[in-house]
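Here's the structure, in structure tokens; my notes come after.
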Amino acid sequence: MKKHTTAPRHITMIGAGHVGLVTAACFAALGHNVICLDTDDERIKGLHRGEMPFYEPGMSELVLKGCASGHLTFTTSYEEAACEAEFVFIAVATPTTPVGLPDLRNVRAAGAAIVQALGSRRAIIISKSTGPVGISQALESLHETVSLPLVGNPEFLREGTAIKDFMEPDRVVLGSDDTEASRAVGSLYEPLGKPILYTDMKSAEMVKYACNAFLATKISFINEIAEICERVGADVRDVAKGMGLDFRIGRHFLNAGVGFGGSCLPKDVRALAYLAAVYGSHPQLLNAVLEINAEQRRRLVGRVRDALGGLRNKKVAILGLAFKPDTDDIRDAPALDLINLLEYEEAEIVACDPVAVDAARKVFPRLNCETDAYRAAEQADAVIIATEWDEFRNIDLPKLRSVMHTPLIADGRNILEPAVVRANGFVYLGVGLPDEDKLRTSVAI
Ligand code: UGA
Numbered sequence: 027m028k029k030h031t032t033a034p035r036h037i038t039m040i041g042a043g044h045v046g047l048v049t050a051a052c053f054a055a056l057g058h059n060v061i062c063l064d065t066d067d068e069r070i071k072g073l074h075r076g077e078m079p080f081y082e083p084g085m086s087e088l089v090l091k092g093c094a095s096g097h098l099t100f101t102t103s104y105e106e107a108a109c110e111a112e113f114v115f116i117a118v119a120t121p122t123t124p125v126g127l128p129d130l131r132n133v134r135a136a137g138a139a140i141v142q143a144l145g146s147r148r149a150i151i152i153s154k155s156t157g158p159v160g161i162s163q164a165l166e167s168l169h170e171t172v173s174l175p176l177v178g179n180p181e182f183l184r185e186g187t188a189i190k191d192f193m194e195p196d197r198v199v200l201g202s203d204d205t206e207a208s209r210a211v212g213s214l215y216e217p218l219g220k221p222i223l224y225t226d227m228k229s230a231e232m233v234k235y236a237c238n239a240f241l242a243t244k245i246s247f248i249n250e251i252a253e254i255c256e257r258v259g260a261d262v263r264d265v266a267k268g269m270g271l272d273f274r275i276g277r278h279f280l281n282a283g284v285g286f287g288g289s290c291l292p293k294d295v296r297a298l299a300y301l302a303a304v305y306g307s308h309p310q311l312l313n314a315v316l317e318i319n320a321e322q323r324r325r326l327v328g329r330v331r332d333a334l335g336g337l338r339n340k341k342v343a344i345l346g347l348a349f350k351p352d353t354d355d356i357r358d359a360p361a362l363d364l365i366n367l368l369e370y371e372e373a374e375i376v377a378c379d380p381v382a383v384d385a386a387r388k389v390f391p392r393l394n395c396e397t398d399a400y401r402a403a404e405q406a407d408a409v410i411i412a413t414e415w416d417e418f419r420n421i422d423l424p425k426l427r428s429v430m431h432t433p434l435i436a437d438g439r440n441i442l443e444p445a446v447v448r449a450n451g452f453v454y455l456g457v458g459l460p461d462e463d464k465l466r467t468s469v470a471i
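So this is what it looks like as structure tokens:
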């Protein structure tokens, strides 16, 4: 890990969620003095005991190291958080409202509370929470009334690789009308040795939305291509490889499957589409991206229904609840849609995930859950793979087949090799793959 090369600064982080805690711990690791505030008393008590509020690889070690070195502390008190602050990052949650735009109340409340606690003290306020060209507006009134410098600093941290993404970013984006403040925040990131883009506030906010919308577009694009592949008998994996070798396209985010989920891509595309409409624009592409994504879940369930000749009273094991591997986050996870769709069709569902079962039980208290895939698949009529966890990638096919009632696998992440699965006696449904089982599906089952 890189060592900090400039003088340690006093950083206040408001919000000990994924973005706030990762950023706080990483700045502490760079040698700054960071105090991280959260109004959730239980969360802060847990952090004092060394308990992480979420699963993120390497997080626990980094936080414990930060605390042991004295560079990282936690509090629930704005007064304590403000007393030495030079830089105040606001990284509070901006949950989606029913209309689709993020709720900025947490941002406003955090801004008001820190300004009051700062009193006459000067500090740069940095917005890290994601909000559409308007999160700055949420803080603008503070800027106007107390004239504290305001800088937008969108985050590009992926769950599961957040620490690496902070320490080795592709770029840092800073937006402000106050050049001096922007440069001061930039100095915190300079030791990382990566490009820093200085813009105005609104452009910085748009970079964040445009990036997530583009990533989502790539996924929906390849999913649309996948459907055509299925119909013409092509293999979308090879198509994606062939596309990805063109450096103008790039190979990332071209994995066809059951679609994107998580707390960012779906929420941000919805928010941008809504914002566009509010400003009188017609976001056709963004709407199509969302529609294709929702359709991916429905199509997969439909294909299982067709293969089984109906879903009522059929036992379906869903392998994977988290929206992607290496996280216990199930927000907007494809598995949630699959569960709802299957429940509607009166299928009997057993879900399985190595780490996200507790989170799922909070959303579906009566959901039958297992942490072992073979137990989940006992007497199942179909297995649907919804998350590409390694344990599912490396599943013991003969063992799986021996416990299932009907050997059908719908691989919503294309992680298994179709020929191998079929050689083990399964009917295999992938996404965007030549459907060799199509003709014999009804015969085999
Ligand atoms: C995303 C962005 O990748 C980060 O750059 C951004 O900082 C973050 O949102 C955020 O706004 O905070 P994250 O939500 O952690 O990060 O997840 P991704 O790795 O982007 O995956 C999103 C979803 O797309 C997952 O459900 C994944 O399974 C799916 N996906 C990804 C595909 O279906 N196909 C692909 O080829 C790639």
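Count the sequence shown with my numbering and you get residues 27 to 471, in order.
Backbone N, C-alpha and C fix where the C-beta goes; we use that ideal spot for every residue, glycine too.
From a predicted model like this one, the values you see are computed outputs, not experimental measurements.
Restricting to runs no shorter than 3 residues, where is the beta strand (DSSP E) found entirely within the region 297 to 347? 341 to 345
Helix, strand or coil, according to DSSP, for Cys62 in the structure here? strand
Write down the C-beta distance between Ile475 and Ala136 rounded to the nearest angstrom, noting that I regard them as a contact closer than 8 Å. Nothing about residue 475 can be read from this structure; the chain reaches only from 27 to 471.
Excluding five sequence neighbours on each side, which residues of the same chain lie with their C-beta closer than 6 Å to the C-beta of Thr38? Ile61, Ala107, Ala111 and Val114
Can you give the Cα-Cα distance for Thr102 and Ala55, rounded to whole angstroms? 22 Å
Between the CA atoms of Val211 and Leu362 - distance to the nearest angstrom: 39 Å
Which residues does DSSP list as the beta-bridge partners of Tyr454? Ile435
Extent of the continuous alpha helix (DSSP H) to which Asn238 belongs: Met227 to Val258
Confirm, please, whether the CB-CB distance from Glu372 to Asn420 is below 8 Å. no
From Lys341 to Gly283, what does the alpha carbon distance come to, in whole angstroms? 22 Å
When you compare only the Cα positions, how much space is there between Ala402 and Ile410? 11 Å
Between the CA atoms of Val45 and Glu82 - distance to the nearest angstrom: 11 Å
Less than 8 Å between the beta carbons of Ala302 and Leu280, yes or no? no
Residues of its chain near Leu326, where Cβ-Cβ distance is below 8 Å and the 5 sequence neighbours each way are ignored: Val284, Leu364, Ile410, Ala436, Gly438, Leu455 and Val457
Would you mind working out which of Met193, Ser173 and Pro175 sits nearest Glu181, comparing C-alpha positions? Met193
7 Å CB neighbourhood of Asp384 in its chain, flanking five on each side removed: none
Cα-Cα separation, Thr353 to Gly186: 6 Å
Answer yes or no: do Ala139 and Leu174 have a C-beta to C-beta separation smaller than 8 Å? no
Enumerate, from N- to C-terminal direction, the unbroken alpha helix (DSSP H) stretches of 4 or more residues contained entirely within the region 161 to 195. 161 to 172 and 188 to 193
For a test of the three-state rule: what should DSSP assign to His36, helix, strand or coil? strand
Buried versus exposed call for His97 [16 or more other C-beta atoms within 10 Å across all chains shown]: buried
Start-end ranges of the alpha helix (DSSP H) lying completely within the region 371 to 447, minimum 4 residues: 383 to 389, 399 to 402, 416 to 419 and 423 to 429
Just to confirm the assignment, what range does the beta strand (DSSP E) spanning Gly201 have? Val198 to Gly201
Secondary structure at Tyr81, three-state DSSP: helix, strand or coil? coil
Distance between beta carbons of Glu414 and Pro380, contact taken as under 8 Å: Not a contact, Cβ separation roughly 12 Å.
Kindly give me the distance between the Cβ atoms of Val141 and Val172, rounded to whole angstroms, as I take these residues to be in contact under 8 Å. 5 Å
Exposed or buried, what is Tyr305 when buried is set at 16 or more other beta-carbons lying within 10 Å of its beta-carbon? exposed
What does the alpha-carbon distance come out to for the pair Asn450 and Ala242? 34 Å
Residues bridged to Pro128 [DSSP beta-bridge criterion]: Thr122
Helix, strand or coil for Ile222, going by three-state DSSP, please let me know. strand
Collapsed DSSP secondary structure at Thr101 in the structure displayed: strand
What's the call for Arg147, buried or exposed, on a 16-neighbour Cβ count within 10 Å? exposed
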